[in-house]
Ligand code: PAF
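In our numbering, the protein residues as written are 5 to 271.
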């Protein structure tokens, strides 16, 4: 596997591949690779003649400087994993290589990028679109692979590709989990043993909600997380001190309602 650090070196190899009519898959990553990334790379290797994996901790998508500083960087181990997965090339540029001058472009895909991560991490998706569009321009892949764990990111990238009319296919790949259900993430490396245990609640809660939706004999009409005073759906946990989950379910032809207070104000 070739490791290159500049767009010039990257494109020299890509030119050779293109001259031989080879198809190219791109797997954009920020490194600290794990089995989730490996599944993307293996899929690309299976579906393309050559696979380029970019390893770049993109500063423009971090709204928190401490998060950027603490993001794990493990280039040597990453390259071993990529070699074992059959990648053709690792592209690990410097910040100066990707941003020789500040990127002043803005990307806006409302309403996709105004909620959830877009609301909690201002500028995050703009930075993601800046770097992903640069990578697409540099590699010009036939297909690019993204994990479904970053579900909102995947939807925004699909929209960007559609609006910019880029001639490539975006392939979404399923979440990879530890045996106990925790979704794989480069950030898991920062969890203490106690936090690792606590984090299990995340997937357990999601799986429990899916079990409910598939429960025999029950048909969910709605579930809403609302402000207990206004009955309006809340989109941010901190926006109210009175959060109530309200549910309505048909059991056969019997319509049952229930609710649970997640937090309520002291009266
Ligand atoms: O999902 C990630 O790891 C990053 O957001 C990406 C797509 C590599 C862009 O930096």
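Glycine is no exception: its CB is placed at the ideal position from the N, C-alpha and C atoms.
Within a Cβ cutoff of 7 Å, which residues of the same chain sit near residue i, ignoring the five residues on either side of it in sequence?
| i | result |
| --- | --- |
| residue 207 | 181, 185, 186 and 187 |
| residue 174 | 148, 150, 161, 162 and 165 |
| residue 262 | 251 |
| residue 130 | 110 and 111 |
| residue 13 | none |
| residue 204 | 184, 185 and 186 |
| residue 99 | 63 |
| residue 108 | none |
| residue 127 | 67 |
Please list, in chain order, all residues of the same chain as residue i whose beta carbon is under 8 Å from its beta carbon, the five residues on each side excluded.
| i | result |
| --- | --- |
| residue 238 | 229, 230, 231, 244 and 247 |
| residue 34 | 59, 60, 61, 62, 75 and 190 |
| residue 200 | 186 and 192 |
| residue 132 | 62, 65, 157, 160 and 161 |
| residue 233 | 244 and 246 |
Taking residue i as the reference, give the member of the options with the closest Cα.
| i | options | result |
| --- | --- | --- |
| residue 87 | 54, 30, 134 and 5 | 5 |
| residue 71 | 205, 225, 194 and 209 | 194 |
| residue 125 | 178, 77, 266 and 240 | 240 |
| residue 172 | 52, 120, 79 and 221 | 52 |
| residue 62 | 84, 81, 97 and 82 | 97 |
| residue 103 | 60, 128 and 84 | 60 |
| residue 153 | 176, 268, 11 and 197 | 176 |
| residue 32 | 210, 264, 144 and 271 | 144 |
| residue 10 | 170, 95, 209 and 242 | 95 |
| residue 225 | 260, 105, 30 and 82 | 260 |
| residue 140 | 168, 117, 155 and 197 | 168 |
| residue 221 | 30, 256, 265 and 197 | 256 |
| residue 105 | 170, 138 and 235 | 138 |
| residue 56 | 80, 209, 78 and 17 | 17 |
| residue 8 | 234, 79 and 42 | 79 |
| residue 242 | 269, 81 and 128 | 269 |
Given a threshold of 16 other Cβ atoms within 10 Å of its Cβ, counted over all protein chains shown, does residue i qualify as buried or as exposed?
| i | result |
| --- | --- |
| residue 217 | exposed |
| residue 223 | exposed |
| residue 122 | buried |
| residue 119 | exposed |
| residue 258 | exposed |
| residue 254 | exposed |
| residue 134 | buried |
| residue 227 | exposed |
| residue 84 | exposed |
| residue 212 | exposed |
| residue 44 | buried |
| residue 271 | exposed |
| residue 267 | exposed |
| residue 142 | buried |
| residue 210 | exposed |
Can you list, in chain order, the residues of its chain with a C-beta nearer than 6 Å to that of residue i? Leave out the 5 residues immediately preceding and following it.
| i | result |
| --- | --- |
| residue 54 | 21, 26, 28 and 92 |
| residue 179 | 152, 153 and 187 |
| residue 82 | 35, 37 and 59 |
Answer yes or no: does any C-beta atom of chain B fall closer than 8 Å to that of residue i?
| i | result |
| --- | --- |
| residue 22 | Here there is only one protein chain, and chain B is not present. |
CB of residue i to nearest heavy atom of the ligand PLP: below 7 Å?
| i | result |
| --- | --- |
| residue 117 | This structure lacks the ligand PLP; the ligands present are the ligand PAF. |
- Message: So, does the stretch 13-25 touch the stretch 61-73, judging by three or more C-beta pairs under 8 Å?
- Response: no
- So does the stretch 152-160 actually touch the stretch 108-124, counting three or more Cβ pairs closer than 8 Å? yes
- Check whether the stretch 35-46 touches the stretch 188-201, taking contact to mean three or more Cβ pairs, one atom from each stretch, closer than 8 Å. yes
- Query: Per the contact definition of three or more C-beta pairs closer than 8 Å, is the stretch 91-110 in contact with the stretch 47-57?
  - Reply: yes
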